[in-house]
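Numbered according to the numbering used here, the sequence shown spans residues 72 to 474. This report refers to the structure that appears directly beneath it.
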Amino acid sequence: MADVRFFEAPGRAEAAEAVAATFLDVFGETPEGVWSAPGRVNLVGEHVDYTGGLCLPLALPHRTFVALSPRHDDVVRVRSAQEAGADWEGSLSEVGPGTPDGWAAYVAGVAWAMGTAHGFDAVVDGHVPLGSGLSSSAALECAVAIALADLDDLPTDDAGRAELAAACVQAENVVAGAATGGMDQAASLRSRPGGGILLDTRDDTVEHLPLDLAAAGLALLVVDTRAAHSHSGGEYGARRADVERAARLLGVPTLREVDPADLDGALDRLAAAAGPGDDVAVLRRRVRHAVTEIDRVRRTADLLRAGREREVAPLLDASHESLRHDYEVSCRELDLAVDTARSAGALAARMTGGGFGGSAIALVGAGAAGDVAQEVARAFADARLRAPQFLSALPSAGAGRDA
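Printed below as a string of structure tokens:
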């Protein structure tokens, strides 16, 4: 039998106690508090958050914990429980575009984007698999953001969390240099247990949707392919540039304004407006993905509101095919996970997240997750690929204080 590894999330109280103890060891005092934020998995709505689209993510039980105390100067000292020797120390006055680099950008960058006037000491303990496409970076950013907001008496109602999400996006775009949209941060900060969020990235409004898969006899299996994944690579930025160029050629602010019923007409207008330097075939594929993916999110949301969870399966499958062929962000490992899960009896499967590695999801019958995982693990072993690991996606709470 193939080796099946499930990545379990620790209990929040247990994890908060552990990171507080590490803070005491590192800094010689008890932290002011411990905060955490979850990773996310996106049910549907991929690569449309930066073109005015709709997304339907949910928060995972897997979280990043931050033990933190404010300082009376502008010095920031951060330590990682996972990466010995990857410490960073500097002043807030040094933070800006491209500085610091590495993982500290997602900590100090948030304070910079929020305009925090004081430094802080922090220890980070992450339980979202790194490189999995499940938003470990957003979990880190949002844990720091909710901690600083709490300490500085900033609003943490939903409107306040929307502002914190915007600051986290600014930190990731400007300081970390990753051209991501805002879905990950919204999911990490604004999710509630037992449901997903319908995020309208045109105005950052959120509708909380029920997602009681267990009541429907279903489960959501996450397959972390453990193939390298990074948002700061050039492929992600190139896709964003493609859709922004296409929107300019079509004369619309974002591709959200393209009516799915007029998709063929829009593709014809795109070709007519293209210049000599444009790859029309590529731009047509990017537009087709964005427009059809946004429509798939609308239809999925309608089904969830009606309690018809099983009927979302064809929409999830179609999303992967669009990402594989039109947006070209899948890879060998993701396609193998998706195809094998479907063959093993999953109702649907698709890649999730930015792609080029990372994770896939499979909608399976209750009790079937283990069997599907076994078949996926066997397929990876037969292909001589690195063994994947698996997570159970249970819709969980957004960022908050733990201690």
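Cβ coordinates follow ideal geometry from the N, Cα and C atoms, glycine included.
Proximity of Ser107 and Ala214 at Cβ, strictly below 8 Å | yes
Write down the C-beta distance between Arg357 and Asp397 rounded to the nearest angstrom, noting that I regard them as a contact closer than 8 Å.
-> 7 Å
Could you tell me which residues DSSP pairs with Trp106 in its beta bridges?
-> Val137 and Arg472
What are the start and end residues of the alpha helix (DSSP H) that includes Asp373?
-> Val351 to Arg376
Which value, in whole angstroms, describes the spacing of the CA atoms of Leu394 and Pro132?
-> 26 Å
Per DSSP, which one or two residues make a beta bridge with Arg142?
-> BP columns for Arg142 are empty, so no partner.
Since I believe Val199 is in contact with Ala216 (beta carbons under 8 Å), could you give me their beta-carbon distance rounded to a whole number of angstroms?
-> At roughly 16 Å, the Cβ-Cβ gap does not stay under 8 Å, so Ala216 and Val199 are not in contact.
8 Å Cβ cutoff met for Phe136 and Val97 | Going by C-beta atoms, Phe136 is not nearer than 8 Å to Val97.
From Glu85 to Ala92, what does the alpha carbon distance come to, in whole angstroms?
-> 11 Å
Report buried or exposed for Asp158, applying the criterion of at least 16 other Cβ atoms within 10 angstroms of its Cβ.
-> exposed
Contacting residues, own chain, Cβ-Cβ under 6 Å from Pro168 (five flanking each side not counted) | Val245
Coarse secondary structure for Thr93, derived from DSSP in three states | helix
Measure the C-alpha to C-alpha separation of Leu291 and Glu315 and round it to an integer number of angstroms.
-> 33 Å
Under a three-way DSSP split, which group does Gly167 fall into?
-> strand
Which same chain residues, not among the five before or five after Leu269, have their C-beta less than 6 Å away from its C-beta?
-> Leu127, Glu278, Leu280 and Ala372
Whose CA, out of Ala317, Ala287 and Asp410, lies closest to the CA of Glu382?
-> A check of alpha carbon separations from Glu382 across Ala317, Ala287 and Asp410 identifies Ala287 as the nearest.
Which residue comes first and which comes last in the beta strand (DSSP E) that contains Leu289?
-> Leu289 to Asp295
Is the segment 219-238 close to the segment 183-193, with three or more CB pairs under 8 Å?
-> yes
Of all the options Val447, Leu387 and Ala437, which has the alpha carbon lying nearest to the alpha carbon of Ser414?
-> Val447
How would you label Arg142, buried or exposed, when you count the other beta carbons within 10 angstroms and need 16 or more for buried?
-> exposed
Should Arg111 and Leu129 be called a contact, given that it needs their Cβ atoms to be closer than 8 Å?
-> yes
Rounded to a whole number of angstroms, what is the C-alpha to C-alpha distance between Val147 and Ala419?
-> 45 Å
If you compare alpha carbons, which of Asp172, Asp313 and Ala155 is closest to Gly161?
-> It is Asp172.
Output the distance between the C-alpha atoms of Glu234 and Gly252, rounded to the nearest integer angstrom.
-> 14 Å
Can you say whether Arg134 is buried or exposed, counting buried as having 16 or more other CB atoms within 10 angstroms of its CB?
-> buried
Taking 8 Å as the cut-off, decide whether the C-beta atoms of Val294 and Ser430 are in contact.
-> yes
Based on Cα-Cα distance, which residue from Val75, Pro109, Ala73 and Ala80 lies nearest to Arg472?
-> Pro109
Leaving aside the five residues before and after Asp406 along the sequence, list all residues of the same chain whose C-beta is less than 7 Å from its C-beta, in chain order.
-> Arg395
Gln460 by DSSP, collapsed to three states: which one?
-> strand
Beta-carbon proximity check, Gly266 vs Pro466, cutoff 8 Å = yes
Any idea what DSSP makes of Phe191, helix, strand or coil?
-> strand
CB-CB length for Pro56 against Val362, believed under 8 Å = Residue 56 lies beyond the range of the chain shown here (72 to 474); nothing can be said about it.
Leaving out five residues before and five after Gly308 in sequence, what residues of the same chain have Cβ atoms less than 7 Å from its Cβ?
-> Ala250
Would you give the residue range spanned by the beta strand (DSSP E) that Asp339 belongs to?
-> Per DSSP, Asp339 belongs to no beta strand (DSSP E); it is in the alpha helix (DSSP H), Leu334 to Ala344.
What number of angstroms, rounded off, separates the C-alpha of Arg359 from the C-alpha of Asp453?
-> 35 Å
Nearest-angstrom beta carbon gap, Gln153 and Gly197 [assumed within contact, 8 Å] | 6 Å
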